[in-house]
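Going by the working numbering, the sequence shown opens with residue 1, and the numbers climb by one from there.
Don't be surprised by glycine CBs; every beta carbon is placed ideally from N, CA and C.
For reference, the structure discussed in these notes is given below.
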Amino acid sequence: MAELGQAQVYAPKPLQAWRSLLNWLAFFFQIIVQILRGTPSCSQLFSFIGFRQFSFLSSSPSSSSSSPSSSASFKPLPVQLPLTELLPDHVSAADDESGDAVDKLTVVLDLDETLVCAYETSSLPAIVRNQAAEAGLKWFELECVSVDREGEGKQKVNHVTVFERPGLQEFLQQISKFADLVLFTAGLEGYARPLVDRIDLENRFSRRLYRPATISTKYREHVKDLSCLSKDLNRTVIVDNNPFSFLLQPMNGIPCIPFSAGQPHDEQKDVRPVLYERFRMPEWFQKHGIPAADSTV
């Protein structure tokens, strides 16, 4: 009976070798299946073999989530947005793969009461000049050719005092980095051209359009039809203090507060309340698991 019990416990050596070989084959087969499903990480591979206690093999924050302090710490935000929403406006996912850039944004800018304000020097009220000087506005005087002619048939020259909107040069410099700038004014070329030459010394405007480029409608005259720039306006915006200027393409228009030397400060000193009301970005970040740093408006 003892010999029988011993025979049942100890198998012959060749049989043990075959069992070991089959176990190793099964092990490698399972690893191959895991590779076909998706390449496992080192931590997954060691965990599969049996080394489940070696958490230092994993670089994932979740490996140490068993401690109370780590469970309350910030967790990385999983990427749920399409790639096109994560890239800047001038780059898309298709462009990143193909290397071809999409059309740049075209920004059409009005001139008078948007970028500058101008007065005939002879009729400029002293109080306006004083208010502009107190506000630290940049200004210059200009000679402009008028359409009117003097008695001898010579073209009349008007003397104009021009005040720049605060931050004008910085605005043009920054926006020209990612957009094509187009000047579109209802002013006459004899007045507008030398004025723009003074404020655009770097030739940032790719095109300049004057009053003859505007059209008349049954609602308003001097309307700026953006279709003269391009048939496809999905990358075009126009900034103008007069909303009637873009009544033909209202979806492309951005109205701005008129600029005057008599009221040199824009009414909207703090842009954050407007941006918060429009976009609600603190709530957007909280929705995606990111605590708001400072949501005070």
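- Non-local C-beta neighbours of Leu124 in its own chain, meaning closer than 8 Å and more than five positions away in sequence, comprise Thr161, ordered along the chain.
- Within its own chain, the residues whose Cβ lies closer than 8 Å to the Cβ of Thr217, once the five positions on either side in sequence are excluded, are Val223, Leu247 and Leu248, listed in chain order.
- Taken through DSSP and simplified to helix, strand or coil, Phe184 comes out as strand.
- Residue range Met281 to Lys287 is occupied by the alpha helix (DSSP H) that includes Lys287.
- Pairing Leu181 with Leu109 gives a Cβ-Cβ distance under 9 Å.
- Taking C-beta separations shorter than 7 Å and ignoring five residues to either side along the sequence, the partners of Asn158 in its chain run Glu120, Cys144 and Ser146, following chain order.
- For Gln131, no beta strand (DSSP E) run applies; the uninterrupted alpha helix (DSSP H) run containing it begins and ends at Ala126 to Ala135, by DSSP.
- In the three-state reduction of the DSSP assignment, Gly167 falls in the coil class, being assigned neither a helical nor a strand state.
- Secondary-structure assignment with DSSP links His159 through a beta bridge to Glu143.
- The Cβ-Cβ distance between Phe259 and Thr106 does not fall below 9 Å.
- Excluding five sequence positions before and after Asp197, none of the CB atoms of its chain fall closer than 7 Å to its own CB.
- Per DSSP, reduced to three states, the secondary structure at Glu113 is coil, with no helix or strand assignment.
- Taking each of Pro273, Gly262 and Val239 in turn and checking the Cα distance to Leu172, the smallest one comes out for Val239.
- Between Pro166 and Leu142 the beta-carbon gap is near 19 Å, outside 8 Å, which marks them as no contact.
- The C-alpha of Gly262 lies about 32 Å from the C-alpha of Thr236.
- According to the DSSP secondary-structure assignment, Glu120 is paired through a beta bridge with Val160.
- One thing to note: Ala186 has its Cβ within 9 Å of the Cβ of Asp112.
- Residue Ser176 holds the alpha-carbon nearest to the alpha-carbon of Lys104 among Trp284, Leu188 and Ser176.
- Scanning its chain for C-beta atoms nearer than 7 Å, with the 5 sequence neighbours on each side dropped, one finds around Asn252 the residues Leu226, Leu233, Thr236, Val237, Ile238 and Phe246, in chain order.
- In this structure, the CA atom of Arg278 is about 29 Å from the CA atom of Cys117.
- Ala132 sits buried, since 16 or more C-beta atoms from the chains shown fall within 10 Å of its C-beta.
- Ranking Phe244, Leu195 and Tyr210 by CA distance to the CA of Glu164 puts Leu195 first.
- Non-local beta-carbon contacts of Phe184 in its own chain, meaning distances under 6 Å to residues more than five positions away in sequence, involve Val108, Leu209 and Lys224 in chain order.
- Counting along the chain, Val239 sits inside the beta strand (DSSP E) bounded by residues Thr236 to Asp240.
- Distance from the CA of Ala179 to the CA of Glu189, rounded to the nearest whole angstrom, comes to 24 Å.
- Assignment of Ile257 by DSSP, reduced to helix, strand and coil, places it in the coil class.
- Apart from the 5 residues on each side of it in sequence, Arg207 sits with its Cβ closer than 6 Å to the Cβ of Val182 in its chain, given in chain order.
- Per DSSP, the continuous alpha helix (DSSP H) segment holding Leu195 begins and ends at Glu189 to Ile199.
- Rounded to whole angstroms, the gap between the alpha carbons of Asp200 and Ile257 is 22 Å.
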